[in-house]
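J.: Residue numbers (UniProt numbering): 1 to 658. Note that CB positions come from ideal geometry on N, CA and C, so glycine has one too. Take a look at the following structure, please.
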Ligand SMILES: Nc1ncnc2c1ncn2[C@@H]1O[C@H](COP(=O)(O)OP(=O)(O)OP(=O)(O)O)[C@@H](O)[C@H]1O
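Printed below as a string of structure tokens:
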């Protein structure tokens, strides 16, 4: 994010234009009482009737001129404010997108939403119409005093004596309001968070009958919000009437003292009329001073908060070398050609083999050790299964591969390069993850599946991916099939349906590395197995499958079992079964009863018997060839879709309909 001045600088000309319009409008304001004076003194008292029409036209001209220049001023400053707000909000949002996971661990959603919406709104108001109104009020007051002084220097002492008093009240009020506004801004964020969490988690709230608890939690924050606003109202109520009262006292004093001067012949009645008009004109800036200071104090508080967020730097950044590589590789390096906009899409010509190596990887977060001495070698096309009790660090391994966090010990190599040296966009484009927690956008099925590579993906690839994920059958039953808009986070779909779409999304991206983090937990075992077979046929993808069910990992080339922050067991399914350790015990718990713990299968689980006969999908044609990663060239061919008796389709037909 830039400095506030930088945002304003680009509108320098418009600021000047608006300022000029404001000055002309004030000047016209200053002229009106002079005409009033002449109408009284020259026309009414002096009897120069021939002047009347000219003076009246003068008043009319002033009125029209004021309206025109006020319009120019207001439009200009509104335009500046809205434009500054637009750029500031865009930059803040972009900045948020660059932040690493640790930042989002520390800040809640409501807080960040308040920063990007309410706080930016307050700042743009201050640099726009509120700011110019403050300048106008000040300029107006000074010019009115000058005009008063020229009319009658002695009588000008009256407003001069009362103005400091009014200013003092305004400053006191501003100080108080500034503090309250800081608190109101904090509490707005809290209130947003509570409401957002409760609405987003409405199912959990209802399932656990937490409505009363949530209502009382919301009411607590709402009450605090109310109290702070009342405090603000009390401050306004204490000072605002005093300011207004002092303004009226000033007017009364001008009329009384000026009247005495007229009686004593030291002032004309026309001059008193003009002076009273000026005195009237000096009151409104005082009256809105409280409101202005209120808004400006609140804008300062908001800007401080925006700055606090904007000054935070992402922990995970592209190293300078990688960034350089990113810009030069467009023409020179065919291995890592980075996109300037950072879009995570692999383009034709990009070659990522997908070899992944963990060398003595350790990871700690806030002093808490999560992973220790993890060593993995995964050749292109191989599959790694990861098992382990909950909280043993399985998802953390995925987070490290994607550089959501950086390793604290050892290193991770992708195709022989430390991932910290690779451009982030390319690193993330090279892997495709089905997250444990399914998140779908409130958009059509097609757009959700296209998430990984929006511009380049054709409908054929989308439908192929859905078939591979066992999702096409239920999609065809949706109202608008692939164009059906699914609700926020996939509302309207079952857990298994959401999971299938998220698997399709990952497959459609066709990245060299495919990671499934407990991705089939909501599927029935038969569907899970069929999806696994489809995955197995993607022989050129390196796959990491995390699961709690043996069935999810058993066919992997290597399975690791995590325990006590490190790898406790490793090997193939058969080797691990033979070791009779934790993996074996898990197998016993899951299948032992059916298979008979003593009669352990060598490589086949009882599940296999229930599966449809192995059929061959068209991986050679349907999945990407080893190096070509463009969806256009590698997406499943029409043949795979339309060929009669196509194995993918047949398996899909066999899926139990959800
Ligand atoms: N953002 C975070 N901040 C602090 N600790 C974290 C964070 N994310 C994970 N952890 C901790 O790291 C450990 C490993 O978490 P991880 O999510 O990798 O476990 P997991 O094996 O995937 O669990 P599960 O099987 O339940 O998905 C846990 O103890 C967890 O509390």
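(1) Going by alpha carbons, who is nearest to residue 117 out of 140, 142, 141, 86?
(2) Is it buried or exposed, residue 71, if we count other Cβ atoms within 10 angstroms and call 16 or more buried?
(3) Quick one: give me the first and last residue of the beta strand (DSSP E) that residue 568 is part of.
(4) I'd like to know whether the C-beta atoms of residue 381 and residue 216 end up nearer to each other than 8 Å.
(5) Which residue marks the beginning of the alpha helix (DSSP H) containing residue 104, and which one marks its end?
(6) Just to confirm my understanding: we take residue 484, look at its own chain, exclude 5 residues before and 5 after, and list those with CB closer than 6 Å. What are they?
(7) Could you have a look at residue 427 and say whether DSSP puts it in helix, strand or coil?
(8) Pull up the CB-CB distance for residue 185 and residue 301, whole angstroms please, since I reckon it's below 8 Å.
(9) Measuring only from the beta carbon, is residue 368 closer than 7 Å to any heavy atom that is part of ligand 1?
(10) According to the neighbour-count rule (16 or more other Cβ atoms, all chains shown, within 10 Å of its Cβ), is residue 226 buried or exposed?
(11) At which residues does the beta strand (DSSP E) containing residue 421 begin and terminate?
(12) Evaluate residue 48 with the Cβ neighbour count: other Cβ atoms within 10 Å of its Cβ, from every protein chain shown; 16 or more gives buried, anything less gives exposed.
(13) Please report the residue range of the alpha helix (DSSP H) in which residue 533 lies.
(14) Within its chain, find whatever has a CB closer than 7 Å to the CB of residue 27; leave out the 5 residues flanking it on each side and keep chain order.
(15) Determine which residues share a DSSP beta bridge with residue 483 and list them.
(16) With DSSP collapsed to three states, give me the class of residue 152.
(17) Which residue's Cα is closest to the Cα of residue 504: 494, 512, 519?
(18) Please find out if some non-hydrogen atom of ligand 1 comes closer than 7 Å to the beta-carbon of residue 396.
(19) Note the first and the last residue of the continuous beta strand (DSSP E) segment covering residue 561.
(20) Could you give the DSSP three-state label for residue 575: helix, strand or coil?
(21) Quick one: give me the first and last residue of the beta strand (DSSP E) that residue 386 is part of.
(22) When you compare the CB positions of residue 14 and residue 98, do they come within less than 8 Å of one another, or not?
(23) Shortest alpha-carbon distance to residue 137 belongs to which of 465, 569, 289?
(24) Identify whether residue 227 lies in helix, strand or coil by the three-state DSSP scheme.
(25) Going along the chain, which residues of its own chain have a beta-carbon closer than 6 Å to the beta-carbon of residue 583, five neighbours each way excluded?
(26) For the alpha helix (DSSP H) holding residue 505, just list the boundary residues, first then last.
(27) Indicate whether residue 439 and residue 100 have their beta-carbon atoms separated by less than 8 Å.
(28) What residue from 154, 114, 272 has the CA that sits closest to residue 36's CA?
(29) By alpha-carbon positions, which one of 2, 256, 395, 21 ends up nearest to residue 545?
T.: Working from what's here:
(1) With distances taken between Cα atoms, residue 117 lies closest to 86.
(2) By the 10 Å Cβ count, residue 71 comes out exposed.
(3) That run of the beta strand (DSSP E) goes 566 to 571.
(4) Going by C-beta atoms, residue 381 is not nearer than 8 Å to residue 216.
(5) Annotation: the continuous alpha helix (DSSP H) that includes residue 104 extends over 101 to 106.
(6) Beyond the five residues adjoining it in sequence on each side, residue 484 comes within less than 6 Å, by CB distance, of 445, 478 in the same chain, given in chain order.
(7) DSSP places residue 427 in helix when its eight states are reduced to three.
(8) Contact check for residue 185 and residue 301: beta-carbon distance about 5 Å, within the 8 Å limit, so the pair qualifies.
(9) Taking 7 Å as the cut-off, the C-beta of residue 368 counts as close to a heavy atom of ligand 1.
(10) Classification for residue 226: exposed.
(11) Run containing residue 421: none; DSSP gives neither H nor E here.
(12) Exposed.
(13) 525 to 536 is the span of the alpha helix (DSSP H), which, as asked, contains residue 533.
(14) There are no such residues.
(15) Looking at the DSSP output, residue 483 shares a beta bridge with no other residue.
(16) Looking at residue 152 - three-state DSSP - the assignment turns out to be coil, as it is neither helix nor strand.
(17) Each of 494, 512, 519 was checked against the Cα of residue 504, and the nearest Cα belongs to 519.
(18) For residue 396, the CB falls within less than 7 Å of some heavy atom of ligand 1.
(19) Residue 561 -> beta strand (DSSP E) spans 558 to 563.
(20) Looking at residue 575 - three-state DSSP - the assignment turns out to be helix.
(21) Residues 383 to 388.
(22) No. Outside cutoff.
(23) Checked all of 465, 569, 289; the closest Cα to residue 137 is 289.
(24) The answer is helix: DSSP assigns residue 227 an H, G or I state.
(25) The answer, listed in chain order, is 561, 569, 576.
(26) Counting along the chain, the unbroken alpha helix (DSSP H) around residue 505 starts and ends at 495 to 509.
(27) No Cβ-Cβ contact shorter than 8 Å links residue 439 with residue 100.
(28) The option with the nearest alpha carbon to residue 36 is 272.
(29) Selected option, being the one with the closest Cα: 395.
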